[in-house]
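> Just so we're aligned: the sequence shown equals residues 608 to 875 in the numbering used here.
Ideal placement from N, C-alpha and C gives every residue a C-beta, glycine not left out.
Sharing a structure with you now.
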Amino acid sequence: MPNENNDLKPVKSDDGNIDNIIVNVKNLNFYYGNYHLLKSINLYFKKNSVCTLLGPSGCGKSTFLRTLNRMNDYTEGAKLTGEVLIDGKNIYDKSVDVVELRRNIGMVFQNPNPFPKSIFENVAFGLKIHGIKNKDFIVERVEKCLKYAGLYDEVKDKLNKSALSLSGGQQQRLCIARAIATNPSILLMDEPTAYLDPVSTSIILDLINSFKKYYTIIVVSHNVQQSGRISDYSGFFLDGELIEFDESGNFFTRPKDKRTENFITSRY
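This is the structure in structure tokens:
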């Protein structure tokens, strides 16, 4: 449950230390029925970093992202083997509280998906679900998250109006504010700028860059230029396999695998 005394404070970590790894994926395989979609995925994500996962449509990158907060649990016929360790604990262990897991892992989807509620209630929703009742705290947190998402000045005089009245770019920033309201440590973003205009896209890319002080951010994308702009680490998926994963400086300028090079130079 969110601590009512918590602020959105940077997480302290020591680069190069094994303790700096927040997500560790080990030999992950994922199946839809008999279809083997993800094949022996091994990779890790460091605290306070931005990682982009690239690849063509249908390569498994969005499905992989959903394994990190167990959203594939809802898919009929889905089966997973291997481990996803977050802070050293396997999130697929039977003892894991999935509601608490998702409080700690915010998610922003490809299409903006505000609830049919007011702007204020959209951001407050997660706090109330997790038992926060202090009205002053909720008001303060909603305002703070809207500011963090770069939206507050645009909506401060209409917080009680429907979130559906906002533009697409504003709706996506509202969804970001909603995702961070419960003070997660990890933020998953599935092609968050796919359907946005260039101005809204630029605003959200700037937000991602600024957010790594507070969160570990994992972004699924097919846009090489955007990924190079925001990421510290990058990975390339193809046909359900992780082909390459490296620091972005190496990934984009000195790829080790010819298939990665073909993708980032638009040969796919």
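1) Below 7 Å between beta carbons: does that hold for K653 and N631?
2) Can you give me the C-alpha to C-alpha distance between L834 and E868, rounded to a whole angstrom?
3) Give every residue of the same chain whose Cβ lies closer than 7 Å to the Cβ of T674, excluding the five residues on either side of it in the sequence, and list them in chain order.
4) Can you check whether the CB of D864 is closer than 7 Å to the CB of I850?
5) Taking 7 Å as the cut-off, decide whether the C-beta atoms of V706 and A786 are in contact.
6) G775 and L803 look like a contact to me (Cβ under 8 Å); what is the Cβ gap, rounded to whole Å?
7) For D797, does the count of other Cβ atoms within 10 angstroms reach 16, so buried, or fall short, so exposed?
8) Just verifying my parser: in three-state terms, what is the DSSP assignment at K754?
9) Roughly how many angstroms separate the alpha carbons of P862 and G640, rounded to a whole number?
10) Compare the beta carbon distance of K667 and L644 with 7 Å and say whether it is the shorter of the two.
11) Whole-angstrom Cβ separation of N831 and L660, contact assumed at under 8 Å?
12) Of the residues S647, N655 and K633, which one's Cα is nearest the Cα of K696?
13) Start and end of the alpha helix (DSSP H) containing L687?
14) Answer yes or no: does any C-beta atom of chain B fall closer than 7 Å to that of E750?
15) Just the C-alpha distance for E611 and R866, rounded to the nearest angstrom, thanks.
16) Does DSSP put G856 in a helix, in a strand, or in coil?
17) Could you check if T800 is buried or exposed, using at least 16 other CB atoms within 10 Å of its CB as the buried criterion?
18) Could you pull out every residue in the same chain whose Cβ sits closer than 6 Å to the Cβ of E848, ignoring the five residues on either side in sequence?
19) Once the 5 residues before and after G623 are set aside, which same chain residues still bring their CB inside 7 Å of it?
20) Please state whether the Cβ-Cβ distance between S841 and S855 is less than 7 Å.
21) Under a Cβ-count criterion, where at least 16 other Cβ atoms within 10 Å of its own Cβ denotes burial, should N741 be classed as buried or exposed?
22) So N726 is in the alpha helix (DSSP H); what residue range does that whole segment cover?
23) Looking at the unbroken alpha helix (DSSP H) that takes in V762, where does it start and where does it end?
24) Between the beta-carbon of A788 and the beta-carbon of R748, is there less than 7 Å?
25) Quick one: Cα of F859 to Cα of K765, how far?
26) Closest to N720 by CA distance: which of I698, D743, L773 and I736 is it?
27) From E683 to D700, what distance separates their C-alpha atoms?
Concretely, from the data shown:
1) Reading the sequence shown from its first residue, position 46 is the one you call residue 653. Reading the sequence shown from its first residue, position 24 is the one you call residue 631. For K653 and N631, no; Cβs fall outside 7 Å.
2) Numbered from its first residue, the sequence shown carries residue 834 at position 227. Numbered from its first residue, the sequence shown carries residue 868 at position 261. Residue 834 is actually Ser in this sequence, not Leu. Their backbone Cα atoms lie some 15 Å apart in a straight line.
3) As a first step, residue 674 is located in the sequence shown; it is residue number 67 there, counting from the start. For T674, where only same-chain residues beyond five positions count, the Cβ hits under 7 Å are L635, F637, L687 and V691.
4) Numbered from 1 along the sequence shown, position 243 holds the residue referred to as residue 850. Numbered from 1 along the sequence shown, position 257 holds the residue referred to as residue 864. Against a cut-off of 7 Å, the Cβ pair of D864 and I850 comes out as a contact.
5) Along the sequence shown, one-based indexing puts residue 706 at 99. Along the sequence shown, one-based indexing puts residue 786 at 179. Against a cut-off of 7 Å, the Cβ pair of A786 and V706 comes out as no contact.
6) Mapped onto the sequence shown, residue 775 falls at position 168. Mapped onto the sequence shown, residue 803 falls at position 196. Sure, about 6 Å apart at Cβ, within 8 Å.
7) Here residue 797 corresponds to residue number 190 of the sequence shown, with the count starting at 1. Counting of Cβ neighbours within 10 angstroms places D797 among the buried residues, the total reaching 16 or more.
8) Counting from one through the sequence shown, the residue named residue 754 turns up at place 147. Residue state, collapsed to three classes: helix.
9) For the purposes of this step, residue 862 is taken as the residue at position 255 of the sequence shown. For the purposes of this step, residue 640 is taken as the residue at position 33 of the sequence shown. Roughly 34 Å between the two C-alpha positions.
10) Indexing the sequence shown from 1 puts residue 667 at position 60. Indexing the sequence shown from 1 puts residue 644 at position 37. Before going on, a small fix: residue 667 reads as Gly here, not Lys. Yes, these two residues count as a Cβ contact at 7 Å.
11) Counting from 1 along the sequence shown, the entry for residue 831 is found at position 224. Counting from 1 along the sequence shown, the entry for residue 660 is found at position 53. In the sequence under discussion, the amino acid at residue 831 is Val, which differs from the Asn named in the question. 12 Å between Cβ atoms; not a contact.
12) Translated into the one-based positions of the sequence shown, residue 696 becomes position 89. Comparing Cα positions, the closest option is K633.
13) Taking the first residue of the sequence shown as position 1, residue 687 is located at position 80. Segment A685 to I693 is the beta strand (DSSP E) holding L687; no alpha helix (DSSP H) there.
14) The structure shown contains no chain B; it is built from a single protein chain.
15) Residue 611 sits at position 4 when you count from the first residue of the sequence shown. Residue 866 sits at position 259 when you count from the first residue of the sequence shown. Its pLDDT being 45, under 50, E611 is placed unreliably in this model, and the value from its coordinates should be taken loosely. Cα to Cα, the separation comes out at about 48 Å.
16) Start at 1 with the first residue of the sequence shown, and residue 856 comes out as number 249. Three-state result, G856: helix.
17) Counting from one through the sequence shown, the residue named residue 800 turns up at place 193. Flag for T800 reads buried.
18) Position 241 of the sequence shown, counted from the start, is the residue given in the question as residue 848. Taking C-beta separations shorter than 6 Å and ignoring five residues to either side along the sequence, the partners of E848 in its chain run K646, following chain order.
19) Residue numbering aside, residue 623 sits at position 16 when the sequence shown is read from its first letter. Unreliable placement is indicated for G623, whose pLDDT of 44 sits below 50; the coordinate value is still reported in the next sentence. Residues of the same chain with their beta carbon placed closer than 7 Å to that of G623 are lacking, with the five preceding and five following residues left out of the count.
20) Translated into the one-based positions of the sequence shown, residue 841 becomes position 234. Translated into the one-based positions of the sequence shown, residue 855 becomes position 248. Yes.
21) Locating residue 741 in the sequence shown gives position 134, counting from the first residue. Burial state of N741 is exposed, judged by a 10 Å Cβ sphere holding fewer than 16 other Cβ atoms.
22) What you label residue 726 is simply residue 119 of the sequence shown in a count that begins at 1. Inspection of the sequence shows that residue 726 is occupied by Ile rather than by Asn. Per DSSP, I726 is one residue of the alpha helix (DSSP H) stretching across I726 to I736.
23) Counting from 1 along the sequence shown, the entry for residue 762 is found at position 155. Per DSSP, V762 belongs to the alpha helix (DSSP H) from Y759 to V762.
24) The residue you call residue 788 lines up with position 181 of the sequence shown. The residue you call residue 748 lines up with position 141 of the sequence shown. Yes, the pair counts as a contact, with Cβ atoms nearer than the cut-off.
25) The residue given as residue 859 occupies position 252 in the sequence shown. The residue given as residue 765 occupies position 158 in the sequence shown. C-alpha separation (whole angstroms): 43 Å.
26) Here the question's residue 720 lines up with position 113 in the sequence shown. If we check each option's Cα against that of N720, L773 comes out closest.
27) Position 76 of the sequence shown, counted from the first residue, corresponds to residue 683. Position 93 of the sequence shown, counted from the first residue, corresponds to residue 700. C-alpha separation (whole angstroms): 19 Å.
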